[in-house]
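Peer 1: Note that the UniProt record's numbering has the sequence shown beginning at 23, numbered continuously upward. Here's a structure for you.
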Amino acid sequence: DLRGQVCVISGSTSGIGLALARAAASHGADVVLNGLGDPAEIERTRAGLEASCGVRVRYHAANMMKGDEVADMVAFAKHQLGRLDILVNNAGVQHVEAVETFPTDKWEQILAINLSSTFYATRAAIPIMKAQGRGRIINVASAHGLVASPFKSAYVAAKHGVIGFTKTVALEVARDGVTCNAICPGYVETPLVKQQIADQAKARGISKERVVEDVILAAQPTKQFVTTEQLAGLFLYLASDLGASANGASFSIDGGWTAQ
Ligand code: NAD
Numbered sequence: 023d024l025r026g027q028v029c030v031i032s033g034s035t036s037g038i039g040l041a042l043a044r045a046a047a048s049h050g051a052d053v054v055l056n057g058l059g060d061p062a063e064i065e066r067t068r069a070g071l072e073a074s075c076g077v078r079v080r081y082h083a084a085n086m087m088k089g090d091e092v093a094d095m096v097a098f099a100k101h102q103l104g105r106l107d108i109l110v111n112n113a114g115v116q117h118v119e120a121v122e123t124f125p126t127d128k129w130e131q132i133l134a135i136n137l138s139s140t141f142y143a144t145r146a147a148i149p150i151m152k153a154q155g156r157g158r159i160i161n162v163a164s165a166h167g168l169v170a171s172p173f174k175s176a177y178v179a180a181k182h183g184v185i186g187f188t189k190t191v192a193l194e195v196a197r198d199g200v201t202c203n204a205i206c207p208g209y210v211e212t213p214l215v216k217q218q219i220a221d222q223a224k225a226r227g228i229s230k231e232r233v234v235e236d237v238i239l240a241a242q243p244t245k246q247f248v249t250t251e252q253l254a255g256l257f258l259y260l261a262s263d264l265g266a267s268a269n270g271a272s273f274s275i276d277g278g279w280t281a282q
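Pasting the structure below:
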């Protein structure tokens, strides 16, 4: 039960972030949505969530590449909704290319959105959470925060960085009622992964079905995509009072991928 709590989720106009926003709202939390997309569609999502869950839902358009905008999103939550209980650093992008030709702009974009935005939002959130005596910081890392795959150097570096950052923050706030943890999903069938499936099919000259079987789910022993509902289950645990002793940890939900 998250009634009376305020939850900010970066990159929540799509995929995992949107699913976590739905989970938070349906358990009674007020939510700040963030992310790119068509303004009319985002407004439909916002208003729909507000109406179906009976909670307050706001949208902040912060670009996760810009530290001042990220900090402003956190301040906006406190200003608009009165508190900040749960921060989910979820926005992320991917680019798949060999390191020797990896473009500098893609490297910088991935490090900024997947890693630095987590720092900017967390730095802004901690004073608010400390003053409340309670807070939850949940970073959406990845199986690629624990292990690597070829051609994803920036993403793997950023996600490993998120896990190191998570541990450090956890130690700093451990006495303040605040926890900081990372969720490490395997493959989830979101727009981010659908794009990769299409790109890989083109690059390898094979069907999308074969990419899913031979490339994507090759790493995942269950041979099943992880679902956003399954991730929401862990999110709700970490956000709850029962999650109070989970701190600085990385939780794999990856169908056994990183057990190998
Ligand atoms: P997605 O593409 O569906 O969603 C990404 C979200 O981030 C969108 O809302 C998008 O608008 C937002 N975003 C992108 N750039 C932004 C920017 N500059 N400023 C603000 N928002 C921005 O992808 P997803 O699969 O839901 O990914 C969510 C997170 O989960 C990412 O951190 C990703 O790395 C991680 N993840 C995904 C998978 C997977 O298989 N899908 C697996 C492990 C980890």
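Heads up, the beta-carbon is just placed ideally off N, CA and C, and yes, glycines get one too.
What whole-angstrom Cβ distance do SER34 and GLY50 have, given they're in contact under 8 Å?
Peer 2: Going by Cβ atoms, the distance from SER34 to GLY50 rounds to 17 Å, so no, they are not a contact pair.
Peer 1: Between which two residues does the beta strand (DSSP E) holding PRO207 run?
Peer 2: Looking at the DSSP string, the run of the beta strand (DSSP E) that includes PRO207 is 200 to 207.
Peer 1: Enumerate, from N- to C-terminal direction, the unbroken beta strand (DSSP E) stretches of 3 or more residues contained entirely within the segment 93 to 155.
Peer 2: Those beta strand (DSSP E) runs which fall completely within the segment 93 to 155 and span 3+ residues are 108 to 111.
Peer 1: Quick check on the burial criterion: 16 or more other C-beta atoms within 10 angstroms. Buried or exposed for LEU253?
Peer 2: Flag for LEU253 reads buried.
Peer 1: Which residue comes first and which comes last in the beta strand (DSSP E) that contains HIS166?
Peer 2: Here HIS166 belongs to no beta strand (DSSP E), and DSSP marks it neither H nor E.
Peer 1: Take the Cβ of HIS101 as the centre, count every other Cβ of all protein chains shown within 10 Å, and call the residue buried at 16 or more, exposed below.
Peer 2: Exposed, because fewer than 16 other Cβ atoms sit within 10 Å of the Cβ of HIS101.
Peer 1: Shortest alpha-carbon distance to PHE141 belongs to which of ALA120, ALA46, THR126, ALA113?
Peer 2: Comparing Cα positions, the closest option is ALA113.
Peer 1: Determine the contact status of ILE205 and ILE135, defining contact as a CB-CB distance below 8 Å.
Peer 2: Result no, Cβ atoms of ILE205 and ILE135 do not sit closer than 8 Å.
Peer 1: Using three-state DSSP, classify ILE38 as helix, strand or coil.
Peer 2: Helix at ILE38.
Peer 1: Out of ALA165, GLY26, GLY76, VAL210, which has the shortest C-alpha to C-alpha gap to ALA41?
Peer 2: The shortest Cα separation from ALA41 among ALA165, GLY26, GLY76, VAL210 belongs to VAL210.
Peer 1: Tell me which residues share the same chain as ARG25 and place their Cβ nearer than 8 Å to its Cβ, disregarding the 5 neighbours each side in the sequence.
Peer 2: HIS49, GLY50, ALA51, listed in sequence order.
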